[in-house]
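Residues 1 to 71 (my numbering) are what the sequence shown spells out, left to right. Just so it is clear, CB atoms sit at the ideal spot from N, CA and C, and this is done for glycine as well. Working notes for the structure below.
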Amino acid sequence: MRAAKLWESKLAQYKRALDRHSPSSWERFALAVGEVERMAKGRARGDAWQALERLLLAIARPRAAPVLLAK
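Structural data, given as structure tokens:
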């Protein structure tokens, strides 16, 4: 985490946030961010704001993630 230049005082918060989901979930979230970006640029169909909202809710509520990110 030091390589990412995170503040020492915030390390525990970042660690707790990362531990909420598995590494594979974070990979799915990264893919979802790419899809949101494509929607925002008009390269994919859908409402970018709604997709972003669903993604953020999935990150905030781990048990809801499979439902929120299902296609």
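Close Cβ partners of residue i (< 7 Å) along its chain, the five nearest in sequence each way excluded
i: alanine 32; result: Leu55 and Leu69
i: arginine 38; result: Ala44
Whole-angstrom distance between residue j and residue i, CA atom to CA atom
i: valine 36; j: serine 22; result: 21 Å
i: alanine 17; j: leucine 11; result: 10 Å
i: alanine 48; j: tryptophan 7; result: 31 Å
i: glycine 34; j: glutamate 53; result: 14 Å
Start-to-end residues for the alpha helix (DSSP H) that takes in residue i
i: glutamate 27; result: 23-40
i: tryptophan 49; result: 48-60
i: leucine 68; result: 65-68
Own chain, CB closer than 6 Å to residue i, minus 5 neighbours either side, in chain order
i: alanine 65; result: Ala58
Neighbourhood of residue i by C-beta distance below 8 Å, restricted to the same chain and skipping five residues each side
i: alanine 40; result: Ala48
Legend entry - Stretch pair the segment 18-34 + the segment 46-60: three plus CB contacts closer than 8 Å: yes
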